[in-house]
Amino acid sequence: MTENSLPILTSDQAPSADIEQGLFPGRWWHRDGEKIVCDLCPRACALAENDRGFCFVRQNVGGKMALTPYGGSTGFCVDPIEKKPLNHFYPGSSVLSFGTAGCNLGCKFCQN
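Counting in the working numbering, the sequence shown runs from 135 upward without gaps.
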């Protein structure tokens, strides 16, 4: 098993010091010289020590990929279904909306 193909860890398996610091081991990355390169999305961010990717979720910590907001949410809300980009999907119903930190898109029209 290579270092970037680590198994997904539960919070009781990850090093407690890392969890306390809000870090969780990331997957889908590789080394390129002194940097690590994120392989998760097409941006392929090359991160030097302590740099974060465009999404601000993935960070180079000690030469390894870390997921800084792992397990956290930025908010929960019950919204009307009409607020979502769904056409004629159970009109008048409610939907649970939730968000997490980070996005790799950067859309000019984004409401977030």
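Ideal Cβ positions, reconstructed from N, Cα and C, are used throughout, including at glycine.
Same chain only: Cβ atoms within 6 angstroms of residue i, ignoring 5 sequence neighbours per side
{"i": "Phe190", "result": "Gly236"}
{"i": "Glu216", "result": "none"}
{"i": "Gly233", "result": "Thr208, Gly209"}
Burial state of residue i, where buried means 16 or more other Cβ atoms lie within 10 Å
{"i": "Asn194", "result": "buried"}
{"i": "Arg177", "result": "exposed"}
{"i": "Gly226", "result": "exposed"}
{"i": "Cys244", "result": "exposed"}
{"i": "Cys241", "result": "exposed"}
Chain-order list of residues whose beta-carbon lies under 7 angstroms from that of residue i (same chain, five-residue window excluded)
{"i": "Tyr224", "result": "Ile215"}
{"i": "Lys218", "result": "Val229"}
Residue i vs residue j beta-carbon contact at 8 angstroms
{"i": "Leu230", "j": "Val212", "result": "yes"}
Candidates the options: closest to residue i by CA position
{"i": "Asp173", "options": "Asn184, Phe188, Cys244", "result": "Phe188"}
{"i": "Arg161", "options": "Asn221, His222, Met199, Lys242", "result": "Met199"}
{"i": "Thr202", "options": "Lys242, Lys218, Asn184", "result": "Asn184"}
Sequence-distant residues of its chain with Cβ nearer than 8 angstroms to residue i (five each side left out)
{"i": "Ala182", "result": "Glu168, Lys169, Asn194"}
{"i": "Asp166", "result": "Ala180"}
{"i": "Gly197", "result": "Arg165, Ile170, Glu183"}
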